[in-house]
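Residue numbers (the working numbering), protein chains in the order written: chain A, 61 to 203; chain B, 61 to 203; chain C, 24 to 106; chain D, 24 to 106.
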């Protein structure tokens, strides 16, 4: 399950989708909107995305994770639009037979999502706003 | 939120309980019943616990995690009784400002829970059953 | 005399066939003495004793811990572990 | 001629004031030529160009990638990152 949505994210179908009868552990990561960043009060966030490519890149991250870790399932949901403090922007679920692989693979997936998936966030403070510049995706010669 | 329950575990109130406005990440771990262990087909599991002490030890694990990692919340739910394949036996939720601490602290919490919390599981196979012997809790001189 | 109740869990309960047993020990008896008595009175438990730890008042206690009359002692087999 | 549509996201869209722009480039034009043209036609974008990467057909493409007529090009600012 890989999706970009303007609606609140529901973790339960995602966990169901990644779990199978060989899974003994599921690591579920929530990225949530917090009230502060680098000393500034955050009022809310606004997320933009290139949805079709974002989903394609989420699937690539999942393929990478499946190649590197003994996992039994991977899924990613990302919300876009305006998000208030405490709302969930990102859900990443990874299942595995054992917990160490579930944790490591889920952490790796989140790191990679934030490096290559075309999603952007704007912080809106009391006294201004800014689109946050994160990671420049690597581009391989030849596409 | 720390509890032992005979009913199916609900992750949503647990995540709400550990998240606060300073939280940017929540790592949620599901321990689930899988269909195989050490080459044997598992039909179902039966969990027993010393509930009052289990909750006390869960709180100790949470205190240890709060002392070692910059977290904003910790919660643990464990189910007991008969659990079928795919059902959730354990939920551990840890929130933090940033994801690395949430993942590391949650993983550590799960490891420690399985070392010191008085909960036991019996595997029931097609051709027999056995109470699994895990970790002998350390006992400090003087109690 | 020191009267204590002893609670059994998991495989221990199955072996002994009871969740709780009562034991009468001499005044000043320790956990170690309780364990020895258990091994004598319940031979099925003897092989498991080396891996059991005891808890009183929801806390693990060492062998030299002195029992008080009316204590509730829990016999804790190795906990679930797992990967 | 190579006619392409260029999609802008996040801060780029705010700067230019439009989600999509159309550009007409010489036949055989590359991503690099598209970037140069963008810098000239939209001076507000010029400072951001070094950190932008381009995507065509939902894939990141290098500067030497040759554009085809009708391509949809996305200008990708640094992605959200965060800890």
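C-beta: ideal position from N, C-alpha, C; glycine also.
Own chain partners of residue 146 (chain B) with C-beta closer than 7 Å, once the 5 adjacent residues on each side are dropped: For the purposes of this step, residue 146 (chain B) is taken as residue 86 along the second chain, with counting starting at 1. Only 92, 93 meet the Cβ criterion.
Using the beta-carbon of each residue, which ones in chain D are nearer than 9 Å to residue 104 (chain A)? If you number the first chain from 1, residue 104 (chain A) lands on position 44. Ordered by position in chain D, no residue passes the 9 Å Cβ test against residue 104 (chain A), which lies about 15 Å from the chain.
Start-to-end residues for the alpha helix (DSSP H) that takes in residue 33 (chain D): Stepping through the fourth chain from its first residue, residue 33 (chain D) is reached at position 10. Unbroken alpha helix (DSSP H) run through residue 33 (chain D): 33 to 39.
Looking at residue 174 (chain B): is its Cβ nearer than 8 Å to the Cβ of residue 105 (chain B)? Here residue 174 (chain B) refers to the residue found at position 114 of the second chain. Here residue 105 (chain B) refers to the residue found at position 45 of the second chain. Their beta carbons are not under 8 Å apart, which means residue 174 (chain B) does not touch residue 105 (chain B) by this criterion.
Can you have a look at residue 61 (chain C) and say buried or exposed, based on whether 16 or more other CB atoms are within 10 angstroms of its CB? Residue 61 (chain C) sits at position 38 when you count from the first residue of the third chain. Result: buried.
Mind listing which residues of the segment 59 to 91 of chain C have their C-beta closer than 7 Å to chain B's C-betas, in chain order? 74, 76, 78, 81, 82, 83, 84, 85, 88
Proximity winner among D:40, D:39, D:57, relative to residue 91 (chain D) (alpha-carbon distances): As a working note, residue 91 (chain D) is residue 68 in the fourth chain. Residue 91 (chain D) has its Cα closest to that of D:57, out of D:40, D:39, D:57.
Just the Cα atoms here: how many angstroms apart are residue 140 (chain B) and residue 113 (chain B)? The residue labelled residue 140 (chain B) in the question sits at position 80 within the second chain. The residue labelled residue 113 (chain B) in the question sits at position 53 within the second chain. Going from the Cα of residue 140 (chain B) to the Cα of residue 113 (chain B) covers about 14 Å.
Which residues in chain C sit within 9 Å of residue 158 (chain A), going by Cβ to Cβ distance? Sequence index remark: in the first chain, residue 158 (chain A) carries index 98 (1-based). By Cβ distance, chain C contributes 105, 106.
Using a 10 Å radius around the Cβ and a threshold of 16 neighbouring Cβ atoms, would you call residue 95 (chain D) buried or exposed? Numbered from its first residue, the fourth chain carries residue 95 (chain D) at position 72. Classification of residue 95 (chain D): exposed, given that the 10 Å Cβ count is below 16.
So, does the CB of residue 44 (chain C) fall closer than 8 Å to a CB anywhere in chain B? To locate residue 44 (chain C), count along the third chain from 1; it is residue 21. Answer no: the Cβ-Cβ gap between residue 44 (chain C) and chain B never drops below 8 Å.
Residues of chain B with CB closer than 9 Å to the CB of residue 212 (chain A), please, in chain order. Shown here, chain A extends from 61 to 203; a query on residue 212 (chain A) therefore has no answer.
Residue range of the alpha helix (DSSP H) that includes residue 163 (chain B): Reading the second chain from its first residue, position 103 is the one you call residue 163 (chain B). Segment 159 to 176, the alpha helix (DSSP H) holding residue 163 (chain B).
Pop quiz: residue 88 (chain A) and residue 151 (chain A) are said to be a contact at Cβ under 8 Å. What is the actual Cβ separation, rounded to whole angstroms? Position 28 of the first chain, counted from the start, is the residue given in the question as residue 88 (chain A). Position 91 of the first chain, counted from the start, is the residue given in the question as residue 151 (chain A). So it is a contact: roughly 7 Å between Cβ atoms.
At a Cβ threshold of 8 Å, is residue 172 (chain B) touching chain A? By one-based count along the second chain, residue 172 (chain B) stands at place 112. It does not: the Cβ of residue 172 (chain B) has no partner Cβ on chain A nearer than 8 Å.
Hey, residue 136 (chain A) and residue 125 (chain A): beta-carbon distance below 8 Å or not? As a first step, residue 136 (chain A) must be located in the first chain, where it is residue number 76. As a first step, residue 125 (chain A) must be located in the first chain, where it is residue number 65. Taking 8 Å as the Cβ cut-off, residue 136 (chain A) and residue 125 (chain A) do not qualify as a contacting pair.
With a threshold of 7 Å on Cβ separation, who are the neighbours of residue 84 (chain D) within its own chain once the five nearest residues in sequence on each side are excluded? By 1-based counting over the fourth chain, the position of residue 84 (chain D) is 61. Cβ within range, chain order: 54, 77, 78.
Beta-carbon within less than 6 Å of residue 63 (chain A)'s beta-carbon, same chain only, minus the 5 sequence neighbours each way: which residues are those? The sequence position of residue 63 (chain A) within the first chain is 3, counting from 1. Once the five neighbours on either side are set aside, the close Cβ partners of residue 63 (chain A) are 137.
Using C-beta distances below 6 Å, list every residue in its chain close to residue 117 (chain B), excluding the 5 sequence neighbours before and after it, in chain order. Numbered from its first residue, the second chain carries residue 117 (chain B) at position 57. Cβ within range, chain order: 176, 177.
Buried or exposed: residue 108 (chain D), going by 16 or more other Cβ atoms within 10 Å of its Cβ? Residue 108 (chain D) lies beyond the residue range present for chain D, which begins at 24 and ends at 106; the question has no answer from this structure.
Is the beta carbon of residue 84 (chain A) less than 8 Å from the beta carbon of residue 158 (chain A)? Working through the first chain from its first residue, we reach residue 84 (chain A) at position 24. Working through the first chain from its first residue, we reach residue 158 (chain A) at position 98. The answer is yes: Cβ separation under 8 Å.
Could you list which residues in chain G have their beta carbon closer than 7 Å to that of residue 123 (chain B), in chain order? No chain G appears in this structure, whose protein chains are A, B, C and D.
What's the gap between the Cα of residue 88 (chain C) and the Cα of residue 70 (chain A)? Sequence index remark: in the third chain, residue 88 (chain C) carries index 65 (1-based). Sequence index remark: in the first chain, residue 70 (chain A) carries index 10 (1-based). For residue 88 (chain C) and residue 70 (chain A), the distance between alpha carbons rounds to 51 Å.
Rounded C-beta distance between residue 185 (chain B) and residue 103 (chain B)? I'm assuming under 8 Å. Taking the second chain and counting its residues from 1, one reaches residue 185 (chain B) at position 125. Taking the second chain and counting its residues from 1, one reaches residue 103 (chain B) at position 43. Indeed, because the Cβ distance is near 6 Å, the residues count as touching under 8 Å.
State the CB to CB distance for the pair residue 28 (chain D) and residue 42 (chain D), rounded to an integer number of angstroms; the pair is presumed to be in contact (CB under 8 Å). Position 5 of the fourth chain, counting from 1, holds the residue named residue 28 (chain D). Position 19 of the fourth chain, counting from 1, holds the residue named residue 42 (chain D). Not a contact, Cβ separation roughly 10 Å.
Within its chain, find whatever has a CB closer than 6 Å to the CB of residue 144 (chain B); leave out the 5 residues flanking it on each side and keep chain order. The sequence position of residue 144 (chain B) within the second chain is 84, counting from 1. Taken in chain order, the residues that qualify are 104.
CB contact below 8 Å: residue 203 (chain B) versus chain C: Your numbering for residue 203 (chain B) matches position 143 in the second chain. With a pLDDT of 43 at residue 203 (chain B), under the threshold of 50, the modelled position of this residue cannot be trusted; read the value that follows with caution. Yes, residue 203 (chain B) counts as interfacial toward chain C.
So, is the C-beta of residue 145 (chain A) closer than 8 Å to a C-beta in chain B? Position 85 of the first chain holds residue 145 (chain A). For residue 145 (chain A), the answer is yes, since a Cβ of chain B falls inside 8 Å of its Cβ.
Would you decide whether residue 164 (chain A) is buried or exposed? Buried here means 16 or more other CB atoms lie within 10 Å of its CB. For this step, residue 164 (chain A) is matched to residue 104 along the first chain. By the neighbour-count rule (16 or more Cβ atoms within 10 Å), residue 164 (chain A) is buried.
Closest to residue 25 (chain D) by C-alpha separation, out of D:93, D:69, D:105, D:32, would be which residue? As a first step, residue 25 (chain D) must be located in the fourth chain, where it is residue number 2. The shortest Cα separation from residue 25 (chain D) among D:93, D:69, D:105, D:32 belongs to D:93.
In the DSSP assignment, find the beta strand (DSSP E) that holds residue 112 (chain A) and state where it starts and stops. Translated into positions along the first chain, residue 112 (chain A) becomes position 52. No beta strand (DSSP E) contains residue 112 (chain A), which is instead part of the alpha helix (DSSP H) from 111 to 128.
Starting from the beta carbon of residue 49 (chain C), find every residue of chain B whose beta carbon is closer than 9 Å, and list them in chain order. The residue given as residue 49 (chain C) occupies position 26 in the third chain. Those within 9 Å of residue 49 (chain C) in chain B number zero; the least Cβ separation is about 21 Å.
Cutting at 7 Å between CB atoms, please list the residues of its own chain near residue 50 (chain D), excluding the five before and the five after it. Residue numbering aside, residue 50 (chain D) sits at position 27 when the fourth chain is read from its first letter. The answer, listed in chain order, is 24, 25.
Identify, in the order they occur along the chain, each residue of the same chain with its Cβ nearer than 7 Å to the Cβ of residue 110 (chain B), setting aside the five sequence neighbours on each side. Position 50 of the second chain, counted from the start, is the residue given in the question as residue 110 (chain B). Excluding residues within five positions, the ones whose Cβ falls inside 7 Å are 178.
Starting from residue 154 (chain B), trace the beta strand (DSSP E) in both directions and tell me its first and last residue. Numbered from 1 along the second chain, position 94 holds the residue referred to as residue 154 (chain B). Element bounds for residue 154 (chain B): 148 to 156.
Three-state secondary structure assigned by DSSP to residue 54 (chain C): In the third chain, the residue the question calls residue 54 (chain C) occupies position 31. In the structure shown, residue 54 (chain C) sits in a helix (DSSP, three-state: H, G or I).
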